[in-house]
Amino acid sequence: MNRTDIVDAVYDACVEILKVDKADLSEATAFADDLDADSLALVEVVMELEERFDLRIPEDELEGVATIGAAADLVAGHLAAA
Amino acid sequence: MASADHRRPDGSARVVVTGLGAVTPAGGDVEQTLATVLAARPAAAPITTWDTEGHPVTFAAAVADVDPAGLIDAREARRMDRASRLGLVAAEEALGRAGLLDPDVVLDRGRVAVAIGTGVGGILTLEDQIETRVTRGVHRVSPLLIPMMMANATSGLVALRHGFRGAAFSVATACASGTNAIGEAADLIRAGRADVAVAGGTEASITPTAMAAFARMAALSTRNDDPAAASRPFDRDRDGFVMGEGAGVLVLESAEHAARRGATVLGEVAGYGATCDAHHITAPDPDGTGAVACMRQALADAGFEPAAIGHVNAHGTSTPLNDAAESAATAKVFGADGPPVTSTKGVTGHLVGAAGAVEAVLGLRCAAAGTVPPVANLTETDVEAPVDLVAGEVRRIATAPVLSNSFGFGGHNASLVLVPA
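Taken in sequence, the protein lines are chains A and B. When we follow our numbering, the leftmost residue of the first sequence carries the number 334, and every step to the right adds one. When we follow our numbering, the leftmost residue of the second sequence carries the number 377, and every step to the right adds one.
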């Protein structure tokens, strides 16, 4: 699984959950500031990614995950550890 | 400035109605719902949103399109239970009619209360998420389940959408919720604790488990082969209620506040009664003691003799027990020469926690127009009490106050006296 695929999966999760336009997203896109996503929405985005990659990411690891890039890092870390 | 006619005899604020909203199986707004009810066209139909295989009851009265105007965007909508979406859309109509969506309106939002009742809150979401937990595991349960299922969600969401920061709460008295919510909200205004209240009820409980449970209670009509004929309040062949869904919302306002901003007054919440049977958790007291006390309380609160009432919008669920007990109680209150009695549930089905609110909306409009809708499907009654049931066609009456009744599991009785402007 390369990073581009992971980032793309985060984009897809944002499109699904936050109803945003994929073309507007980048790794620097911030969940709260750019997408007006609250903590519950972030949990939902991560749940989509858990499903997609068959992972289990504990809720306390979402602390400090502010951008799409950071979410991709989180997923990549768990995939590497799996 | 408060003038004498802005106050009740006890000095409390008079409460007027300045907006009405409804989303029901009979129509997407107040006008459509009213037209369908006056035409006595039943809304019940086979359930198509889930597989009814094996269910004893396979039909209901569903809302065709919750949000035809697209008031709630897709991202917001997926964070709300269907019950909340219905409530929000009905509130939007009522607030619009009241002129309170105008961006230039002068309104102290800290003095606006919200009271949207519900029988069971977001039960569709709850049921869906229990299935998710069982079939896919605890880690798949949505973080949105709690804010979507909680009974107060709709009141919170209406307050959030419009920045209303007065008291906001739900009222849960099963099928009396909508009526109790309106009465409690009126009391807030009378007491001077709010200038405006967005009050009503919402419900979306046509779920596989809820339908199975109500069927188990033998509360639902099982007329699967003819849904349109199933809801037949007061009719000899009634066999239970038809599950409905929807929302009704009223904008209530102190008379002084409404006058100050030049709002169009549609009517007044003149009387409110609330009692409990304390008889059985679901069955109505066959003597109707609690219901009689409730209606009398509402009349006394309005300062009216029974003869002042132009028509009664009965709870009239189409269950054998309710309709017998309610007609006896109504006859006890009004005597043998009482006003015409209708039940709009023959058309709408039973909207549970939204029923009383939708019926307050319909009751006030019909009282103003002097048109009492016929009870759909009422062809021959077995009701022995002397009540003047309206059957067949619209009854023309003089413009006069309406008494609207709601009774809920738990023994709850609630009545409103609404006076058209």
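Heads up, the beta-carbon is just placed ideally off N, CA and C, and yes, glycines get one too.
Within the stretch 689–723 of chain B, the complete alpha helix (DSSP H) segments of 4 residues or longer fall at 696–710, listed in chain order. Sixteen is the threshold: when 16 or more other Cβ atoms of the shown chains lie within 10 Å of the Cβ of Asp-699 (chain B), as they do, the residue is buried.
Between Arg-385 (chain A) and chain B, the shortest Cβ-Cβ separation is not below 8 angstroms. Assigned with DSSP and collapsed to three states, Thr-665 (chain B) falls in helix. Proximity of the stretch 491–498 of chain B to the stretch 572–587 of chain B meets the contact definition, three or more beta-carbon pairs being nearer than 8 angstroms. For Asn-789 (chain B), there is no enclosing alpha helix (DSSP H); the residue is found in the beta strand (DSSP E) stretching over 788–796.
Every beta strand (DSSP E) of 3 residues or more that sits fully in the stretch 390–418 of chain B is shown, in chain order, as 391–399. Cβ-Cβ distances below 8 angstroms link Asp-484 (chain B) to Asp-571 in the same chain, with the five nearest sequence neighbours on each side left out; the list follows chain order.
Listed in chain order, the alpha helix (DSSP H) elements of length 4 or more contained wholly in the stretch 599–652 of chain B are 631–636. For Gly-463 (chain B), there is no enclosing beta strand (DSSP E); the enclosing alpha helix (DSSP H) covers residues 458–473. The C-beta of Leu-740 (chain B) comes no closer than 8 angstroms to any C-beta of chain A.
Among the CB atoms of chain B, none fall inside 8 angstroms of the CB of Leu-395 (chain A). In this structure, DSSP gives Thr-425 (chain B) a state outside helix and strand, which the three-state scheme calls coil. For Ala-467 (chain B), the closest C-alpha among the options B:Ala-623, B:Leu-727 and B:Ala-453 is that of B:Ala-623. Contact annotation for Glu-377 (chain A) against chain B: Ser-518, Pro-519 and Leu-520 [CB-CB distance below 8 angstroms, chain order].
Chain A has a Cβ within less than 8 angstroms of the Cβ of Ala-450 (chain B). The beta carbon of His-515 (chain B) sits closer than 8 angstroms to some beta carbon of chain A. Distance from the CA of Arg-389 (chain A) to the CA of Asp-341 (chain A), rounded to the nearest whole angstrom, comes to 19 angstroms.
Sequence-ordered contacts of the stretch 344–373 of chain A with chain B read Leu-351, Lys-352 and Leu-373 [C-beta pairs closer than 7 angstroms]. Pairing Gly-722 (chain B) with Ala-752 (chain B) gives a Cβ-Cβ distance under 8 angstroms. The stretch 398–406 of chain A and the stretch 343–359 of chain A touch, with no fewer than 3 CB-CB distances between them shorter than 8 angstroms. Rounded to whole angstroms, the gap between the alpha carbons of Asn-335 (chain A) and His-411 (chain A) is 13 angstroms.
For Phe-783 (chain B), the enclosing beta strand (DSSP E) covers residues 778–784.
For Arg-389 (chain A), at least one C-beta of chain B is nearer than 8 angstroms to its own C-beta. For Thr-362 (chain A), there is no enclosing beta strand (DSSP E), as DSSP gives it neither H nor E. Around the Cβ of Thr-425 (chain B), a 10 Å sphere holds fewer than 16 other Cβ atoms; the residue is exposed.
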